[in-house]
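Data block below; observations after.
Protein chains in written order, with the working numbering: chain A, 63 to 240; chain B, 3 to 259.
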């Protein structure tokens with residue numbers, strides 16, 4: 063079994079995750095899908111460098127991110143195409159359904175408006191569920207940098223959402239933390 | 003770092019909320035719970051985490067993309083309808099699948115690039131292995147021939163995203179990376195009538211242009227988001243390292259002087 067045999071099926075299984083991360087970088091669905099395709103090609107060619115048993119999504123995020131950085135540098139402009147926001151429900155459905163759908167799309171839109179460095183670390187940790195250390199290794203910065211960007215991202219996001227009347231503060235669960 | 007009280011920072015609270023605090027830090031946070039400001043801050047970190055995760059549920063993958071990736075996996079690294087020769091890996095060495103008469107690696111890449119150019123770009127050429135300062139005989143058309151005779155030495159030592167004017171032709175450094183042998187390589191773009199994208203690597207005190215490709219001038223001024231396929235194929239094929247960040251690049255360029 064070659065390294066490619068391991069990586070190939072994982073690529074298919076992780077497509078939704080890869081698309082989501084690519085979308086956070088490109089803020090354009092078309093560019094995200096294009097980036098994912100190129101990253102898959104690169105992943106198959108570099109399959110030997112994936113250590114089985116380690117976190118495949120983190121490995122792919124690094125590939126996707128490096129490709130994107132190179133593309134930005136070549137074109138010198140960042141993708142400025144706005145992501146289509148989910149349509150808000152007008153009439154029909156309950157009030158709760160409309161509000162919760164509104165909340166989701168407003169949050170998504172607010173996240174997309176965060177500065178790139180903050181959006182990137184928020185995506186990796188809070189959306190993709192990487193640890194601080196894993197995120198640090200994807201981006202290639204110290205954990206302290208991750209933490210300062212992440213806390214600023216969340217404070218800023220909270221401000222943006224509160225300004226739209228969206229309640230951010232959640233009562234703490236009784237599950238043990240720390 | 004914002005401080006809620008004298009000792010406990012936002013980052014400590016966030017780490018605690020995310021389950022990333024050390025036992026000592028967690029103890030300090032817990033000892034201070036009950037302070038309404040801290041509780042509010044913890045709630046902010048919990049809430050933003052929850053809302054972010056909910057904002058982007060996994061989406062269904064478009065059929066066309068899935069099909070292309072599945073086809074790519076089946077052929078081992080190239081899209082099924084791509085006529086480029088497939089690339090095989092053996093350990094860390096990337097070699098082209100080629101007939102019994104093994105060609106030197108660079109010539110093999112020239113062949114690959116030529117077929118990619120034929121498919122993806124239509125016009126263009128490449129020239130590889132020419133050292134600067136020596137009269138080069140480019141294999142290519144007018145686009146790539148622009149490189150010959152340009153004093154690239156100084157321009158290639160500039161940090162990435164620097165544009166140097168060379169006698170009316172602009173050269174922009176794009177990125178730095180390490181080649182398979184650890185050599186410092188620069189990706190660059192020369193803008194004149196055509197855009198020539200290239201890779202030059204530093205060996206034995208001189209820059210060698212390993213790869214160059216000219217793109218079709220585009221009437222609509224559209225910069226394809228998919229980037230430069232020939233260049234991508236080349237970088238994949240030579241096992242190029244990740245782009246160096248500003249600090250690492252600065253050190254590498256300083257070492258040239």
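Ideal placement from N, C-alpha and C gives every residue a C-beta, glycine not left out.
* With 16 other Cβ atoms within 10 Å as the buried cut-off, status of residue 245 of chain B -> The count along the second chain starts at 1 and reaches residue 245 of chain B at position 243. Result: buried.
* Just reading off the beta strand (DSSP E) that residue 180 of chain B is part of, what are its end residues? -> Here the question's residue 180 of chain B lines up with position 178 in the second chain. Looking at the DSSP string, the run of the beta strand (DSSP E) that includes residue 180 of chain B is 171-180.
* **the segment 36-45 of chain B touching the segment 59-72 of chain B, judged by at least three CB pairs closer than 8 Å** => no
* Report yes or no: is there a C-beta of chain B within less than 8 Å of the C-beta of residue 184 of chain A? => Start at 1 with the first residue of the first chain, and residue 184 of chain A comes out as number 122. Judged by the 8 Å Cβ criterion, residue 184 of chain A is in contact with chain B.
* To do: Less than 8 Å between the CB atoms is what I'm expecting for residue 54 of chain B and residue 208 of chain A, so what's the real figure, rounded?
  => Reading the second chain from its first residue, position 52 is the one you call residue 54 of chain B. Reading the first chain from its first residue, position 146 is the one you call residue 208 of chain A. Not a contact, Cβ separation roughly 15 Å.
* To do: Using a Cβ cut-off of 7 Å, pull out every chain A residue sitting near residue 245 of chain B, in sequence order please.
  => On the second chain, position 243 is the one that residue 245 of chain B refers to. In chain order: 128, 131, 132.
* Name, please, each residue of chain A whose Cβ falls closer than 8 Å to the Cβ of residue 2 of chain B. => Since the first and last residues shown for chain B are 3 and 259, residue 2 of chain B lies out of range.
* residue 91 of chain A, enclosing alpha helix (DSSP H) - first and last residue -> Translated into the one-based positions of the first chain, residue 91 of chain A becomes position 29. Unbroken alpha helix (DSSP H) run through residue 91 of chain A: 91-107.
* Should the segment 108-117 of chain A be regarded as contacting the segment 65-79 of chain A, the criterion being three or more beta carbon pairs within less than 8 Å? -> yes
* Rounded to a whole number of angstroms, what is the C-alpha to C-alpha distance between residue 103 of chain A and residue 68 of chain B? -> Translated into the one-based positions of the first chain, residue 103 of chain A becomes position 41. Translated into the one-based positions of the second chain, residue 68 of chain B becomes position 66. Rounded to whole angstroms, residue 103 of chain A to residue 68 of chain B spans 13 Å at the Cα level.
* Interface positions of the segment 49-67 of chain B facing chain A (Cβ-Cβ less than 8 Å), listed along the chain -> 49, 50, 51, 52, 53, 54, 55, 56, 57, 58, 60, 61, 62, 63, 64, 67
* Can you check the segment 36-79 of chain B for any alpha helix (DSSP H) of at least 4 residues that lies completely inside it and give the ranges in chain order? => 38-57, 65-77
* Give a yes or no on whether the C-beta atoms belonging to residue 89 of chain A and residue 222 of chain A are separated by under 8 Å. => Locating residue 89 of chain A in the first chain gives position 27, where the first residue counts as 1. Locating residue 222 of chain A in the first chain gives position 160, where the first residue counts as 1. Taking 8 Å as the Cβ cut-off, residue 89 of chain A and residue 222 of chain A do not qualify as a contacting pair.
* Asked: Since residue 192 of chain B sits in a beta bridge, which residues does DSSP pair it with?
  -> As a working note, residue 192 of chain B is residue 190 in the second chain. Looking at the DSSP assignment, residue 192 of chain B forms a beta bridge with B/173, B/198.
* Output yes if chain A places a C-beta closer than 8 Å to the C-beta of residue 47 of chain B; else output no. => For the purposes of this step, residue 47 of chain B is taken as the residue at position 45 of the second chain. It does; some Cβ of chain A falls within 8 Å.
* Asked: So, residue 57 of chain B versus residue 185 of chain A, is the Cβ gap smaller than 8 Å?
  -> Within the second chain, numbered from 1, the residue matching residue 57 of chain B stands at position 55. Within the first chain, numbered from 1, the residue matching residue 185 of chain A stands at position 123. Taking 8 Å as the Cβ cut-off, residue 57 of chain B and residue 185 of chain A do not qualify as a contacting pair.
* Go to residue 165 of chain B, then tell me how far its beta strand (DSSP E) extends in each direction, as first and last residue. => Here residue 165 of chain B corresponds to residue number 163 of the second chain, with the count starting at 1. Residue 165 of chain B -> beta strand (DSSP E) spans 165-168.
* Who are the Cβ neighbours of residue 74 of chain A in its own chain at under 7 Å, not counting the five residues just before and after it? -> The count along the first chain starts at 1 and reaches residue 74 of chain A at position 12. Excluding positions up to five away in sequence, the list is empty.
* Asked: How would you label residue 212 of chain B, buried or exposed, when you count the other beta carbons within 10 angstroms and need 16 or more for buried?
  -> On the second chain, position 210 is the one that residue 212 of chain B refers to. So residue 212 of chain B ends up on the buried side.
* Is any beta-carbon of chain A found at less than 8 Å from that of residue 22 of chain B? -> Along the second chain, read from residue 1 onward, the residue named residue 22 of chain B stands at position 20. Yes, because at least one Cβ of chain A sits closer than 8 Å to the Cβ of residue 22 of chain B.
* One or two residues paired with residue 209 of chain B in a DSSP bridge -> The sequence position of residue 209 of chain B within the second chain is 207, counting from 1. Looking at the DSSP assignment, residue 209 of chain B forms a beta bridge with B/204.
* How far does the alpha helix (DSSP H) with residue 67 of chain A in it reach, from first residue to last? -> Translated into positions along the first chain, residue 67 of chain A becomes position 5. Residues 65-75.
* **Residue(s) in a DSSP beta bridge with residue 215 of chain B** => Mapped onto the second chain, residue 215 of chain B falls at position 213. In the DSSP output, where bridge partners are listed per residue, residue 215 of chain B has B/199.
* From the beta carbon of residue 17 of chain B, is the nearest beta carbon of chain D less than 8 Å away? -> Absent here is chain D; the protein component of the structure consists of chains A and B.
* Asked: Ordered along the chain, which non-local residues of its own chain (more than five positions away) have a Cβ less than 8 Å from that of residue 205 of chain A?
  -> The residue labelled residue 205 of chain A in the question sits at position 143 within the first chain. For residue 205 of chain A, where only same-chain residues beyond five positions count, the Cβ hits under 8 Å are 194, 195, 198.
* Where does residue 186 of chain B fall in DSSP's three states? -> Indexing the second chain from 1 puts residue 186 of chain B at position 184. Residue 186 of chain B: strand per DSSP, three-state reduction.
* Span separating the alpha-carbon of residue 191 of chain A from that of residue 83 of chain A -> Residue numbering aside, residue 191 of chain A sits at position 129 when the first chain is read from its first letter. Residue numbering aside, residue 83 of chain A sits at position 21 when the first chain is read from its first letter. Their Cα atoms are separated by approximately 11 Å.
* **Member of A/121, A/176, A/203, A/93 whose CA lies at the smallest distance from the CA of residue 216 of chain A** => Start at 1 with the first residue of the first chain, and residue 216 of chain A comes out as number 154. Of the candidates A/121, A/176, A/203, A/93, the one whose C-alpha sits nearest the C-alpha of residue 216 of chain A is A/176.
* **Residues near residue 92 of chain B in its chain [Cβ-Cβ closer than 6 Å; skip 5 each side]** => Position 90 of the second chain, counting from 1, holds the residue named residue 92 of chain B. Only weak support is given to the placement of residue 92 of chain B: the predicted model assigns it a pLDDT of 31, under 50, and the value that follows is read from those uncertain coordinates. Nothing listed; no residue qualifies.
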